[in-house]
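One structure is given below, encoded as structure tokens.
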Amino acid sequence: MQAGDVMSRPVVTVRGFDSIRTASVVLTEHDFTAVPVVDDDGVLIGIVTEADLIRDAIAYDPRSRVRDVRTSTQPTLVNQIMTKKVRAAAPDTDCADIAETMLKHNLRTVPAVQNGIVVGIVTRRDLMRGLARDDAVIRRNLGRFEQWPVAVRDGAVVITDPVDDPHAREVARAVALATGRSPWPNPGRPPSLRTALRRRR
1 MQAGDVMSRP VVTVRGFDSI RTASVVLTEH DFTAVPVVDD DGVLIGIVTE ADLIRDAIAY
61 DPRSRVRDVR TSTQPTLVNQ IMTKKVRAAA PDTDCADIAE TMLKHNLRTV PAVQNGIVVG
121 IVTRRDLMRG LARDDAVIRR NLGRFEQWPV AVRDGAVVIT DPVDDPHARE VARAVALATG
181 RSPWPNPGRP PSLRTALRRR R
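Letter by letter, the sequence shown follows residues 1 to 201 in the UniProt record's numbering.
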């Protein structure tokens, strides 16, 4: 299971020049614990969490003995309090690796990034949802692979996919390798997906 299989999308983001109040509203309305911060091109530049906001946004109660010494009336911006060193993952990252990262660094959210652009977000809840998928759903998803025509020629496994599904190509490669045979004619050369899985024309 990979990040792309469980990540939430389209992903909700905020900009670095947004106010922390705006970020607070986003977190509250969507029941998030964190939200990615992006620039005008959608490139990930940070992440703002509940902890970041609580640390900065809650003013001192005037009845308290402690007084807020800040005198500026300018609103605090997201880029002033956000966490800049973000642990992100690619959509093809194994969910086991993401889970390990979350546990090791006490994270609840890991953005999914492709070429610097935020394309999704993986939360602990997303991982749990992936683990809790019903067996019947999995069987139904795999049932279509029973229709694949398979042939072996000169030690090469040729699997034909009638629908030309990109995800199916990866499954075909795994199936072919599991037979102990190479899914392409020449094991010494880098495989092409076209060789490993041919589309029926």
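Each residue gets a CB set at the ideal place from its N, CA and C atoms; glycine is no exception.
Fair warning: this is a prediction, and the values are worked out from it, not measured in the lab.
Check                                                                                              : Outcome
Euclidean distance between Cα positions of G120 and D126                                           : 11 Å
Cβ separation of V37 and V48, assumed to be a contact under 8 Å, to the nearest whole Å            : 6 Å
Pairwise C-alpha distance: A99 and M1                                                              : 11 Å
Identity of the residue in V43, I20, P10 and V122 nearest A89 by Cα                                : V122
Spatially closest choice to A34 from L131, D41 and S24, by CA coordinates                          : S24
DSSP-derived helix/strand/coil call for A90                                                        : coil
Residue nearest to V86 in terms of C-alpha spacing, selected from D92, A96, T76 and M102           : M102
Where M82 falls, given that 16 or more other Cβ within 10 Å makes a residue buried                 : buried
DSSP state of T49 mapped onto helix, strand, coil                                                  : strand
Neighbourhood of I117 by C-beta, 7 Å cutoff - its chain only, sequence neighbours within 5 removed : G42 and V43
The beta strand (DSSP E) enclosing A112, as first and last residue numbers                         : T109 to Q114
DSSP bridge partner residues for S19 (one or two, in chain order)                                  : L77
Secondary structure of G120, DSSP reduced to three states                                          : strand
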